[in-house]
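With UniProt numbering applied, the sequence shown covers 1 to 775.
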Amino acid sequence: MILAVLLPFIIAIFIPFLSKWKDKFHTGIVVTLVPLVIFTYFARFLGTDFEPVTRSYRWIPSLDMNMVFHLDGLSLLFVMLISGIGTLVAFYSIYYLHKSEKLGHFYVYFLIFMGSMLGVVLSDNIYVLYSFWEFTSLSSFLLIGYWNHKHGSRYGALKSMLITVFGGLSLLGALVFMHTITGTTSIQEMIANNEAILNHEFFPLILSLLLLGAFTKSAQFPFHIWLPDAMEAPTPVSAYLHSATMVKAGIFLVARFSPMMSASDWYFIIVSSFGIVTLCWGSYMAVRQTDLKGILAFSTISQLGMIMAMIGFGTKVAIFAAVFHILNHATFKGSLFMIAGIVDHETGTRDIRKLGGLMNYLPMTATLAMFGVFSMAGFPLPFLNGFYSKEMFFNASLDLSATEGIAAFLTSAIPYLAVFGSIFTFVYSMYFFFGTFRGKANIDQLPKKPHEAPVGMLISPAVLVLLVVAIGLFPFIINEPFISHAASAVYGGEAMKEIYFWHGFNLPFIMSLTVIAFGTILALTIPRWKTVYNFVPGVLSMNKVYDFTVDKSVVFSSKVNKSYMTGSLALYMKLILITIVGVSFTLFFMTGGFALELSNLAPVTTIEIIVALTMAIAAFGTIFTNNRIAAILILGVVGYGLAMLFIIYRAPDLALTQLIVETVTVALFLLVFYHLPNLTDRGETGRGKLINWLVSIGFGLLITTVAISSHSSKWFDVISSYFVDNSYKLGGGDNIVNVILVDMRGLDTLFEIAVLGLAAMAIYSLIKIKNKKEE
Numbered sequence: 001m002i003l004a005v006l007l008p009f010i011i012a013i014f015i016p017f018l019s020k021w022k023d024k025f026h027t028g029i030v031v032t033l034v035p036l037v038i039f040t041y042f043a044r045f046l047g048t049d050f051e052p053v054t055r056s057y058r059w060i061p062s063l064d065m066n067m068v069f070h071l072d073g074l075s076l077l078f079v080m081l082i083s084g085i086g087t088l089v090a091f092y093s094i095y096y097l098h099k100s101e102k103l104g105h106f107y108v109y110f111l112i113f114m115g116s117m118l119g120v121v122l123s124d125n126i127y128v129l130y131s132f133w134e135f136t137s138l139s140s141f142l143l144i145g146y147w148n149h150k151h152g153s154r155y156g157a158l159k160s161m162l163i164t165v166f167g168g169l170s171l172l173g174a175l176v177f178m179h180t181i182t183g184t185t186s187i188q189e190m191i192a193n194n195e196a197i198l199n200h201e202f203f204p205l206i207l208s209l210l211l212l213g214a215f216t217k218s219a220q221f222p223f224h225i226w227l228p229d230a231m232e233a234p235t236p237v238s239a240y241l242h243s244a245t246m247v248k249a250g251i252f253l254v255a256r257f258s259p260m261m262s263a264s265d266w267y268f269i270i271v272s273s274f275g276i277v278t279l280c281w282g283s284y285m286a287v288r289q290t291d292l293k294g295i296l297a298f299s300t301i302s303q304l305g306m307i308m309a310m311i312g313f314g315t316k317v318a319i320f321a322a323v324f325h326i327l328n329h330a331t332f333k334g335s336l337f338m339i340a341g342i343v344d345h346e347t348g349t350r351d352i353r354k355l356g357g358l359m360n361y362l363p364m365t366a367t368l369a370m371f372g373v374f375s376m377a378g379f380p381l382p383f384l385n386g387f388y389s390k391e392m393f394f395n396a397s398l399d400l401s402a403t404e405g406i407a408a409f410l411t412s413a414i415p416y417l418a419v420f421g422s423i424f425t426f427v428y429s430m431y432f433f434f435g436t437f438r439g440k441a442n443i444d445q446l447p448k449k450p451h452e453a454p455v456g457m458l459i460s461p462a463v464l465v466l467l468v469v470a471i472g473l474f475p476f477i478i479n480e481p482f483i484s485h486a487a488s489a490v491y492g493g494e495a496m497k498e499i500y501f502w503h504g505f506n507l508p509f510i511m512s513l514t515v516i517a518f519g520t521i522l523a524l525t526i527p528r529w530k531t532v533y534n535f536v537p538g539v540l541s542m543n544k545v546y547d548f549t550v551d552k553s554v555v556f557s558s559k560v561n562k563s564y565m566t567g568s569l570a571l572y573m574k575l576i577l578i579t580i581v582g583v584s585f586t587l588f589f590m591t592g593g594f595a596l597e598l599s600n601l602a603p604v605t606t607i608e609i610i611v612a613l614t615m616a617i618a619a620f621g622t623i624f625t626n627n628r629i630a631a632i633l634i635l636g637v638v639g640y641g642l643a644m645l646f647i648i649y650r651a652p653d654l655a656l657t658q659l660i661v662e663t664v665t666v667a668l669f670l671l672v673f674y675h676l677p678n679l680t681d682r683g684e685t686g687r688g689k690l691i692n693w694l695v696s697i698g699f700g701l702l703i704t705t706v707a708i709s710s711h712s713s714k715w716f717d718v719i720s721s722y723f724v725d726n727s728y729k730l731g732g733g734d735n736i737v738n739v740i741l742v743d744m745r746g747l748d749t750l751f752e753i754a755v756l757g758l759a760a761m762a763i764y765s766l767i768k769i770k771n772k773k774e775e
């Protein structure tokens, strides 16, 4: 199972090499095989006798951070969507992206994103889940900004990154709280111990932080603003991220923790409220759009809101409908995004005002679009899967019950809001299809003369449309072996197992007829009432709030940055030291960290006093000397004096290291002697000298205080005994210091060497640049 998660990352390493031969074969051919293999592997878990599977791999066991993957019905549903839709999208991209594009970049980002999403839905360890969660934000940023020469792509990528990473940090806070309360990093163990979290005083904060992370990722109102701008990405990216993966991550998160949180009334109130408002707002705003992908973007927002609301309802019917609609939405929305890409590819535009009458020129595309659109609209036909889950949504909205407070008001309002949002869902669906494929053809306004897409580009949306029809005609085939397991994992018990097209002439069916009736009227009269958008939302926009916040943050940051980034190394050093002194002494005061213990000190000999006095006199001498060479040499006396103390205290290794460092330091000072400032003219005013004195004395006092307190305080067991007992046994060396540096802290030493190497390369680069400028 871990190989299935890591396979996209492994293949991504070789994509840059494979892309060098893109003139001979399209890189997407190899990439398509990756999700296909993963899909085939996990398909073997489908069946009525499915049992959850857990695999654990050691990573950082001392911190209880291990790669634990848990495959249950919910994660299996998402894995199949991620790999199945991923296969179709990768295949579609072969025909959509020309070989002249930077295919290596695209497919590396694509595979990283795919692997990250697999990690999110399979991880049982909360910190592993969070790591993959942030990888999805990073990789989606790269995918959205793939055409980085376009301002819109850069803007959309940054917007999605800022909003989703903000939510990711909130999620991390919730996970840390839950880990602290339950003492475990396992999601399944947390769910089993949910009473500890529900009854904790920090539960409201945990719930808020967790839902904030989910709402930002799944584009819930008012955090939905990043998703329409993400449409600047290539259409394969839009089809993948916004139908089956990126935006579904937040849905998955809420569904995964639903068995733990659903017992709280506030969970129902918050999740259902945000979900139903997002449904209404997204569907309402979709009709305002003129770009095909813009319509689909707000359509996705509204559909995600509907799924989120149903998870918030928490009833057996609602959970089953939510899980079922996750699958249905992925099928019809994935196909519609690809169809929008075909229209753009074959006509040169996505502006619906220039389109129309394309059914005569793109008959196959139009046919596929018709099935996808009417399924999205929830039209009551037995071969459209969208109607089934939409009807269940209406049924679930009527099945809610609450007797008092906000919950009671919400349960009475939700059915009306569900109908309102569904009416506009019907309107934008008809607007999308008839505005693109019916009516008068405006061929003269199109950048390209339209013609049917190549067969290869039609295969992926055709497969998804066939799934729309197959699920609609034979829902029982995917129900018990697939959907019911996912619903059970979310509901926390046995889920419903029946899917029927006809439930009689009941209230949910009347709601569906109401949607069709009012939706048809509004769809036919769009030009007459569309001016309502001038009033609601009018000039108000969450995008303006975002732009204002970002712009003001940049201006404020620039002012703060300019206030201290003056190019003065002396100022930088003062700021760093003042911060260290202030923070450290504050913590000392707050924690009572200072301690003084003199009873266990060794006797001081005459030679130690002489060496210490020599070092002190030399240190003071550096302050008052005005000769640069004298200051350098006197400073060397301090360093060599310290090496003598190491020798006296029988630490020859440290003494040797100090001698080498001090010799190199003095030599470096002498090498840059010409560039050192004139000690007799430092340009310091009386106020500047006073600050220098205060900073110097303060930092000296801090180091002295830390040294005394660290020796006198015994808050923890000393670690030196461990190294004394185990250095020879574990490291095979008699020299404890060497064993610590090379074996027990070998990675620290390795990275220290790496840092020095990077610094050396940076210095070399600066020297080369300077020499070129002089030439």
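Ideal Cβ positions, reconstructed from N, Cα and C, are used throughout, including at glycine.
Residue pairing of D351 in beta bridges, as defined by DSSP: D291. Annotation: the continuous beta strand (DSSP E) that includes S56 extends over V53 to I60. The beta-carbon separation of H200 and I187, rounded to 17 Å, does not stay under the 8 Å limit for a contact. In the three-state DSSP reduction, S599 falls in the coil class, being neither helix nor strand. L111 sits away from A244, with the two beta carbons spaced by 8 Å or more. In the DSSP assignment, H105 falls within the unbroken alpha helix (DSSP H) covering L103 to L122. Contact between the region 236-254 and the region 319-338 is present: 3 or more CB-CB pairs across the two stretches fall below 8 Å. The DSSP assignment places 720-726 and 736-739 as complete runs of the alpha helix (DSSP H) inside the UniProt domain "MrpA C-terminal/MbhE" (694-768), in order along the chain (cut-off: 4 residues). Closest in C-alpha terms to S460, from the list L540, L522, V490 and L368, comes L368. Ranked by how close their Cα comes to the Cα of H70, the residues Y57, S62 and L63 have Y57 in first place. Here Y431 is not near I342, since their CB atoms are 8 Å or more apart.
Taking 4 residues as the shortest admissible run, the region 551-610 contains the following complete alpha helix (DSSP H) segments, listed from N- to C-terminal end: 569-591.
Ranking K390, L381, V637 and R288 by CA distance to the CA of M306 puts K390 first.
When the alpha-carbon of F177 is set against those of G152, M370, I206 and Y155, the nearest one is in I206.
The region 347-359 makes no contact with the region 473-493: fewer than 3 CB pairs, one atom from each, lie closer than 8 Å.
Setting aside the 5 residues that flank it on each side, H503 has no residue in the same chain whose C-beta is closer than 6 Å to its C-beta. Where V68 is concerned, there is no enclosing alpha helix (DSSP H), although the beta strand (DSSP E) around it starts and stops at M65 to L71. In this structure A309 is not in contact with I339, their Cβ atoms being roughly 27 Å apart against a cut-off of 8 Å. For A396, the closest C-alpha among the options G492, P380, A322 and F474 is that of A322.
For T365, the enclosing alpha helix (DSSP H) starts and ends at P363 to A377. In the pairwise beta carbon analysis, the region 13-22 is classified as not touching the region 115-125: fewer than three pairs are separated by under 8 Å.
Taking P228 as the centre and dropping the five residues before and after it, the same chain places the C-beta of G294, A297 and F298 closer than 7 Å to its C-beta, in chain order. For L205, the enclosing alpha helix (DSSP H) starts and ends at F203 to K217. A buried status is given to D72, since no fewer than 16 other beta-carbon atoms sit within 10 Å of its beta-carbon. The C-beta of R256 has 16 or more other C-beta atoms within 10 Å across all chains shown, which makes the residue buried. Here L97 is not near P8, since their CB atoms are 8 Å or more apart.
Beta-bridge partners assigned by DSSP to S397: none are found. The beta-bridge partner set that DSSP reports for S186 consists of N125. The beta carbon of V469 sits closer than 6 Å to the beta carbons of F383 from its chain, once the five residues preceding and following it are set aside; these are given in chain order. By the CB criterion at 8 Å, M457 and Y92 fall inside the cutoff. When the Cα atoms are used, H105 and L645 turn out to be separated by approximately 57 Å. By a beta-carbon distance limit of 8 Å, A239 contacts F337. Their separation comes to about 4 Å. In summary, D717 is exposed, with fewer than 16 beta-carbon neighbours lying within 10 Å of its beta-carbon over all protein chains present. Judged by DSSP in its simplified three-state form, G356 adopts coil rather than helix or strand.
Less than 8 Å divides the Cβ of T216 from the Cβ of T164.
Rounded to whole angstroms, D743 and G732 show a C-alpha spacing of 9 Å.
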